[in-house]
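Visitor: Have a look at this one.
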Amino acid sequence: MERLPDRRGPAGADDGGADPQPTVRSPADLTPRQRQIMELLRAGKVNKEIARELGIGVGTVKQHVVTLFKRLNVSNRTMAVSRGMGLADAPAAGAEPATPAPAAGVLERRPCVLLSLALPARADDAAVRRLHDYLAALAFDMDAVFLARRGNAVDLIFGLHRVGERDLMKAMRSARRLHAHFSAHAPMLADGMHGGVTVGIVVASMLRLGGWSGEAIVSSAIASARELQERAAPGQLALGRPVLELMRALGLGGEGLFGPGAGPGRVALAALAGMDWRGERPSYPLVGRTAELKTLGGLLRRAGAGEGKLVLLEGETGMGKSRLCEALRALCLQAQGRGAFHRVRPDAAQRADAPGAGEAGEIVALLNGLAPGAGGAPALAIVDDCHLLPGEDRRAVLAAARAAAGRGALVLLSGRHMAEAAEADGGGDPGRAVAVTLALRRQSAREIEALVRHVLAPEAPAAGQAQRIAAEAAGVPLFAVELARHRHEAGVALPLLVAVIARLDSLPLDRKLLRVAARRSQPLAAAGIAALLDEPPEAIAEPVARAVAAGVLRAGDDGRLDFGHPLLRKIIDYLALE
């Protein structure tokens, strides 16, 4: 249980006899992290906002705040802010340089999902208050921004704080939950509820380490969502064209609910519960990956003799994990084997009610029921997109997978950072628990070019077109597919923006540093970037190290920093407005 400073006396003078904290006389007496938190406290940020901006957990923030209270000899936030302002007025000479404080907002383009919902005109004030209260609470749970409007309508913006590939699902789920809530409490109003949803670019003021600053939102997409809502029939949700495009790119099913795909679609609010949320992207022939297929084929043959293995297939978004899973499944069927395939739903984390229940329970039951291979017929189980499971559920699935492999089956779990997760859950013996790890790397230019030709078929590419797309994709299959599909469009395709920015937003990276690096035609050393930021090199050492560790930047032999992928530079430069 968290222990707060004793309000009856000075913090640090507890009854337990703990040593008092050293007296703080200047900002230099605080650690860089404590100074960051102090600045955010002075800005009026709550723990959740501090955690988001610094890229750390809320529990970690609480621990820092308690320690900060003790260092400052205070017992609440107001006293801490007052004490901090006093320290700021008298900085000590030679103070240690700190990591840049995430205070100043910068204007940035953000791909967001915009949802507009309205009650029928006959709704009274009590019903409108219910609408506002319910959606305001839902926005908090979904990390969305709630915009109250006059009358009987409201707007939600998803992806402003942090872009995610599941933002569209969050919006759909919010509409479904609101409709279900009114169906239970005011069914006549639920029948007349209507809404609109679209995807578009929002210009917002963002903090340096991520997160909306709360100062500015500008977007024509807000008006588009409202227009869709106003045109929607009672009981329906109207979808803008970008929604249907993003659904196709992300593999969100349920097109049968929308009718013909031309023009904005419409779906009954009551039908949203029946949508297929499995993330199966458009499929193209598997190109390359011969070494990985050879390894998996050998393991499959050994499983036919009853020698099971656990395989962890890992790679970043768009590297072809799902396509390789499908290829292994086909090999098993060719060998007359028994196979089970499960793709984790993209909304698994939001749907989980209790560890081991729901979807994780289904997967564990599937693995527990898998009989060992015999007579040359292998037993195979594939669980794709395991990284979408919550931590406790993922551990339960890993345990069941190890047990099934121990009984003679071949079990493949795919996802991001699977080896790291399995090592953490391996009971202290990762070498035994993780039998085989396959990490998908970038593909060759020739392989990517062949994939591009498949996407363009039956259209014959113009001279050099496939090569240009392959060069820009730089070894990532998903990038190649989306660049080819959107080859006639100007700018960066929306699905690519969402995929790349979702990854960037998941990392606590210095946005100002990245945009400075992106706007230079030639790579710079860290000292050169620091000079352009007008900051000492020591101040950006940690942010640069984080960006390199994440693969966003890479350091050359000469110390110059370049982007890990050319599309990263292009997209980061596109985001920046200042």
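UniProt numbering applies: residue 1 is where the sequence shown begins, and numbers increase by one. The beta-carbon is built from N, C-alpha and C at its ideal position, and this holds for glycine as well. In this text the structure is predicted, and so the values were computed from the model without any measurement.
#1: Can you tell me the Cα-Cα spacing of residue 589 and Ala541, whole angstroms?
#2: So what's Ala404 in DSSP terms, helix, strand or just coil?
#3: Using CA atoms only, rank isn't needed, just tell me which of Gly288, Lys48 and Val61 is closest to Arg33.
#4: Quick check on Thr198: buried or exposed, where buried means 16 or more other Cβ atoms within 10 Å of its Cβ?
#5: Hey, Thr317 and Ala499 are a contact pair by Cβ (cut 8 Å); roughly how many whole angstroms apart?
#6: If you follow the beta strand (DSSP E) that Ala439 is in, where does it begin and where does it stop?
#7: In its own chain, which residues sit with a C-beta less than 6 Å from the C-beta of Ala525, not counting the 5 before and 5 after it?
#8: Output the boundary residues of the beta strand (DSSP E) element that contains Met206.
#9: With distances taken Cα to Cα, identify the nearest neighbour of Leu40 among Phe182, Val203, Ile157 and Leu207.
#10: Hey, could you find the ends of the beta strand (DSSP E) Glu108 is sitting in?
#11: Could you tell me the boundaries of the alpha helix (DSSP H) in which Ser444 lies?
#12: Can you tell me the Cα-Cα spacing of Pro461 and His454, whole angstroms?
#13: From residue 580 to Leu367, what does the alpha carbon distance come to, in whole angstroms?
#14: On the CB-based measure, 16 or more other CB atoms within 10 Å of its CB, does Leu577 come out buried or exposed?
#15: By the three-class DSSP mapping on this structure, what secondary structure does Ala360 have?
#16: Could you compute how far the alpha carbon of Ala409 sits from the alpha carbon of Arg546?
#17: Pairs of beta-carbons, one from the stretch 486 to 495 and one from the stretch 231 to 249, closer than 8 Å: are there three or more?
#18: Which of the three DSSP states, helix, strand or coil, is assigned to Glu215?
#19: Near Pro537, which residues of its chain fall below 7 Å by C-beta distance, leaving aside the five closest residues on each side in sequence?
#20: Applying the criterion that 16 or more other CB atoms from any shown protein chain within 10 Å of the CB defines a buried residue, is Ser174 buried or exposed?
#21: Quick check on the DSSP output: the beta strand (DSSP E) that includes Glu314 runs from which residue to which?
#22: From this set, Asp155, Gly415 and Phe563, which residue's C-alpha is nearest Ser521's C-alpha?
#23: Whose C-beta lies closer than 6 Å to the C-beta of Ser128 among residues of the same chain, with five residues either side of it excluded?
#24: Mind the definition here: the stretch 506 to 520 touches the stretch 456 to 470 only if three or more C-beta pairs lie below 8 Å; say whether that holds.
#25: Any chance the stretch 214 to 229 sits against the stretch 306 to 322, with 3 or more Cβ pairs inside 8 Å?
#26: Have a look at Leu114 and Gly200 and give me their C-alpha separation to the nearest angstrom.
#27: Opposite Ser268 in the DSSP bridges: which residues?
#28: Please classify Ala92 as buried or exposed, where buried requires at least 16 neighbouring CB atoms within 10 angstroms.
#29: Express the C-alpha separation of Gly265 and Gly192 in angstroms, rounding to a whole number.
#30: Out of Ala403, Leu483 and Leu388, which has the shortest C-alpha to C-alpha gap to Pro566?
#31: Taking its Cβ as the centre, do 16 or more other Cβ atoms sit within 10 Å of Met188, making it buried, or is it exposed?
#32: Within the stretch 494 to 548, note down every full alpha helix (DSSP H) run reaching 4 residues or more, in order along the chain.
#33: Val145 by DSSP, collapsed to three states: which one?
#34: For Gly164, which of helix, strand or coil comes out of DSSP?
#35: Name, in chain order, the residues that DSSP records as bridge partners for Ile157.
#36: Pull the bridge partners of Gly339 from the DSSP assignment, please.
Guide: Answer, in terms of the structure:
#1: Any property of residue 589 remains undetermined from this structure, which presents the chain solely from 1 to 578.
#2: Here residue 404 refers to the residue found at position 404 of the sequence shown. It is helical.
#3: Position 33 of the sequence shown holds residue 33. Answer by Cα proximity: Val61.
#4: In the sequence shown, residue 198 corresponds to position 198, counting from 1. Buried is the call here.
#5: Residue mapping note: residue 317 aligns to position 317 of the sequence shown, counting from 1. Residue mapping note: residue 499 aligns to position 499 of the sequence shown, counting from 1. Right, their Cβ atoms sit about 6 Å apart.
#6: Here residue 439 refers to the residue found at position 439 of the sequence shown. Start and end: Val436 to Ala439.
#7: Along the sequence shown, read from residue 1 onward, the residue named residue 525 stands at position 525. Gly559 and Arg560.
#8: Position 206 of the sequence shown holds residue 206. DSSP places Met206 inside the beta strand (DSSP E), whose first and last residues are His194 to Met206.
#9: By one-based count along the sequence shown, residue 40 stands at place 40. The candidate whose alpha carbon is nearest that of Leu40 is Leu207.
#10: Counted from its first residue, the sequence shown places residue 108 at position 108. Per DSSP, Glu108 belongs to the beta strand (DSSP E) from Val106 to Ala118.
#11: As a working mapping, residue 444 is identified with position 444 in the sequence shown. No alpha helix (DSSP H) holds Ser444; DSSP gives it neither H nor E.
#12: For this step, residue 461 is matched to residue 461 along the sequence shown. For this step, residue 454 is matched to residue 454 along the sequence shown. Distance between the alpha carbons of Pro461 and His454: 10 Å.
#13: An answer regarding residue 580 cannot be provided, because it is not within the stretch 1 to 578 covered by the chain.
#14: In the sequence shown, counting from the first residue as 1, residue 577 sits at position 577. With fewer than 16 other Cβ atoms within 10 Å, it is exposed.
#15: Taking the sequence shown and counting its residues from 1, the one referred to as residue 360 is at position 360. In this structure, Ala360 counts as helix in the three-state DSSP scheme.
#16: Your numbering for residue 409 matches position 409 in the sequence shown. Your numbering for residue 546 matches position 546 in the sequence shown. The alpha-carbon atoms of Ala409 and Arg546 are separated by roughly 40 Å.
#17: yes
#18: As a position in the sequence shown, residue 215 is number 215, starting the count at 1. Three-state result, Glu215: strand.
#19: For the purposes of this step, residue 537 is identified with residue 537 of the sequence shown, where counting begins at 1. Same-chain partners within the cutoff: Ala526, Ala527 and Ala530.
#20: In the sequence shown, counting from the first residue as 1, residue 174 sits at position 174. Burial check for Ser174: the Cβ neighbour count within 10 Å reaches 16 or more, so the residue is buried.
#21: If you number the sequence shown from 1, residue 314 lands on position 314. Counting along the chain, the beta strand (DSSP E) containing Glu314 begins and ends at Lys309 to Glu314.
#22: Within the sequence shown, residue 521 is the residue found at index 521, counting from 1. Looking at the Cα atoms, Phe563 is the closest of the given residues.
#23: Looking up residue 128 in the sequence shown gives position 128. For the sequence presented, residue 128 should be read as Val rather than Ser. Answer for Val128: Asn152, listed in chain order.
#24: Contact between the stretch 506 to 520 and the stretch 456 to 470 is absent, because fewer than three Cβ pairs lie under 8 Å.
#25: The stretch 214 to 229 makes no contact with the stretch 306 to 322; the number of CB pairs closer than 8 Å stays below 3.
#26: Position 114 of the sequence shown, counted from the first residue, corresponds to residue 114. Position 200 of the sequence shown, counted from the first residue, corresponds to residue 200. Going from the Cα of Leu114 to the Cα of Gly200 covers about 8 Å.
#27: The sequence position of residue 268 within the sequence shown is 268, counting from 1. For the record, residue 268 in the displayed sequence is Ala; it is not Ser. Per DSSP, Gln236.
#28: Within the sequence shown, numbered from 1, the residue matching residue 92 stands at position 92. The predicted model places Ala92 with a pLDDT of 39, which falls under 50 and marks its position as unreliable, so this point remains unresolved.
#29: Along the sequence shown, read from residue 1 onward, the residue named residue 192 stands at position 192. Along the sequence shown, read from residue 1 onward, the residue named residue 265 stands at position 265. Rounded to the nearest angstrom, the two C-alpha atoms are 18 Å apart.
#30: Along the sequence shown, one-based indexing puts residue 566 at 566. It is Leu483.
#31: As a first step, residue 188 is located in the sequence shown; it is residue number 188 there, counting from the start. It is exposed - the Cβ of Met188 has fewer than 16 other Cβ atoms within 10 Å.
#32: 494 to 505, 511 to 518 and 526 to 533
#33: For this step, residue 145 is matched to residue 145 along the sequence shown. Secondary structure at Val145: strand, using DSSP grouped into helix, strand and coil.
#34: Here residue 164 corresponds to residue number 164 of the sequence shown, with the count starting at 1. Coil, per DSSP.
#35: On the sequence shown, residue 157 is found 157 positions in, with the first residue counted as 1. Looking at the DSSP output, Ile157 bridges to Leu114 and Val145.
#36: Taking the sequence shown and counting its residues from 1, one reaches residue 339 at position 339. Note: Gly339 sits in a beta bridge opposite Leu380.
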